[in-house]
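J.: Structure below; questions to follow.
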Amino acid sequence: MKALVVHGGCDEGFLPDEEKRARLSGVRDAFQKGLLILKDMDSALDAVEHVIKDLENNPHFDAGVIGSFNNMIGEIEMDAAIMDSNESAGGVIRIRNIAHPISVARKVMEEMPHLLLCGKGAEIFARISGFREISPEEQHGNVDQREINKLPEEFRNFILEYTERLKEHKLFSTVGAVAIDSKGYIVAGTSTGGIAKAFPGRVGDSAIIGAGTFATFYGGSSATGIGEGIIRVGVTRKVVDMVENGTPIQEACSKVVDICSRRGFPCGVIALDRDGNAGISHNGHFMPTLSIKLD
Ligand code: GLY
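The end of the sequence shown is residue 294 by numbering that gives the first Met the number 0, with every number in the run present.
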């Protein structure tokens, strides 16, 4: 038995039909590529990495250097993590100018004694590991020196204004995938550019193990939505823990999203249990997903 489930982010606000179609087709293309890898190579790890790399290359998703949102000063800072059912995990936080954060996360998992690398350290590790770099000019980000300069003097007002502005933010297109191969190996991965206009250095949920990404022998899960809420709830760990305690996977996803709704923040979650059953739930307006179980 093998299975795969993929998401392309959960939006709370209005999305034009054309954008919805583009995201659906992006998820479909990445899903098909992942499925081929799962069938031919029988590797959940390769399937999840390739699905996410494909979505990181797609400008319609908030992941990778092409589609990620700019932060407040015009930079792109990305987070990604991958975890497998042996509870091995790797992640990068606030990495810049690297084409595929998910592949660097995998390399951290496979080669480093550490779980997470952030900022400059993540970039140095990516560079010495030979990952493709993209210069700031090649990405769409342009650091806005005026925004940096005005931060210290108007800091208090700025924080109030910033907090209000973030409440208006309703579009999320973090990407994620979970796969199980015939050896019963479960892998979950997530990649994001965070939220638009975020304060530089802000860390979301995607690379936080148990928040945006989690896997054990009972199941794997990937989340999307507002990172601050997802971290507090521990969304993906909660889903997998509920499955371990006997809750059916779809019910676990729905219950955890209900918790997020009661706390008042947008969240979407996908998951697979060890029998290859998928759970998908979100409280947003639109979340492109696809899943399959192969006997
Ligand atoms: N879920 C993406 C983020 O909050 O960074």
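Just so you know, even glycine gets a beta-carbon here, dropped at the ideal spot from N, CA and C.
Counting only the same chain and skipping the five closest in sequence on each side, list residues whose C-beta sits under 8 Å from that of G33.
T.: The answer, listed in chain order, is L3, V5, A46, V47, H49, V50, D53, A176 and A178.
J.: Where do the ends of the beta strand (DSSP E) carrying C9 lie?
T.: C9 -> no beta strand (DSSP E), and no H or E assigned at all.
J.: Should T223 be counted as a contact of ligand 1 given a C-beta to heavy atom distance under 7 Å?
T.: Yes - ligand 1 has a heavy atom lying nearer than 7 Å to the Cβ of T223.
J.: Hey, quick one: how far does the alpha helix (DSSP H) through K297 stretch, first residue to last?
T.: Nothing can be reported for residue 297: it is not among the residues displayed for the chain, which extend from 0 to 294.
J.: Would you call the CB atoms of S87 and M108 closer than 8 Å?
T.: Yes; because the gap between Cβ atoms is below 8 Å, this pair is in contact.
J.: Looking at C-beta atoms only, is the number of pairs between the region 67 to 74 and the region 184 to 199 that lie closer than 8 Å three or more?
T.: Short answer: they touch.
J.: Give a single yes or no on whether D78 has its beta carbon closer than 7 Å to a heavy atom of ligand 2.
T.: Absence of ligand 2 is noted for the structure shown, with ligand 1 being the only ligands found.
J.: Under 7 Å from any heavy atom of ligand 1, does the C-beta of T162 make it?
T.: Every heavy atom of ligand 1 is 7 Å or more from the Cβ of T162, so no.
J.: Any idea which residues DSSP pairs D83 with across the strands?
T.: Paired residue(s): V186.
J.: Tell me the DSSP bridge mates of S220?
T.: F213 and A270.
J.: According to DSSP, what are the bridge partners of T288?
T.: Looking at the DSSP assignment, T288 forms a beta bridge with H6.
J.: Can you list, in chain order, the stretches of the alpha helix (DSSP H) that have 4 or more residues and sit fully within the region 97 to 136?
T.: Within the region 97 to 136, the complete alpha helix (DSSP H) runs of at least 4 residues are 100 to 110 and 118 to 127.
J.: On the DSSP letters alone, give me the boundaries of the beta strand (DSSP E) that S296 sits inside.
T.: Limits of the chain in this structure are 0 at one end and 294 at the other, which puts residue 296 out of reach.
J.: Buried or exposed: which applies to M0, given that a residue is buried once 16 or more other Cβ atoms fall within 10 Å of its Cβ?
T.: By the neighbour-count rule (16 or more Cβ atoms within 10 Å), M0 is not buried but exposed.
J.: Does the Cβ of I208 lie closer than 7 Å to at least one heavy atom of ligand 1?
T.: Incorrect: I208 has no Cβ contact closer than 7 Å to ligand 1.
J.: Would you kindly check if the distance between the Cβ of D83 and the Cβ of A214 is under 8 Å?
T.: The answer is yes: Cβ separation under 8 Å.
J.: Whole angstroms is fine: what's the gap from S134's alpha carbon to N96's?
T.: Roughly 6 Å between the two C-alpha positions.
J.: Please state whether the Cβ-Cβ distance between A43 and T212 is less than 8 Å.
T.: Their beta carbons are not under 8 Å apart, which means A43 does not touch T212 by this criterion.
J.: Count the other C-beta atoms from every protein chain shown that fall within 10 angstroms of the C-beta of M300, then say buried if there are 16 or more, exposed otherwise.
T.: The first residue shown for the chain is 0 and the last is 294, placing residue 300 beyond what the model contains.
J.: Taking the C-alpha atoms as reference points, what is the distance between R201 and I92?
T.: Whole-angstrom Cα-Cα distance: 10 Å.
J.: Looking at A251: is its Cβ nearer than 8 Å to the Cβ of G278?
T.: Yes, the pair counts as a contact, with Cβ atoms nearer than the cut-off.
J.: Is any non-hydrogen atom of ligand 1 found closer than 7 Å to the C-beta of T173, if you look at the structure I gave you?
T.: Yes, the Cβ of T173 comes within 7 Å of a heavy atom of ligand 1.
J.: Given that a residue counts as buried once 16 or more other Cβ atoms are within 10 Å of its Cβ, and exposed if not, what is G295?
T.: Because the chain is modelled from 0 through 294, residue 295 falls outside the range shown and cannot be assessed.
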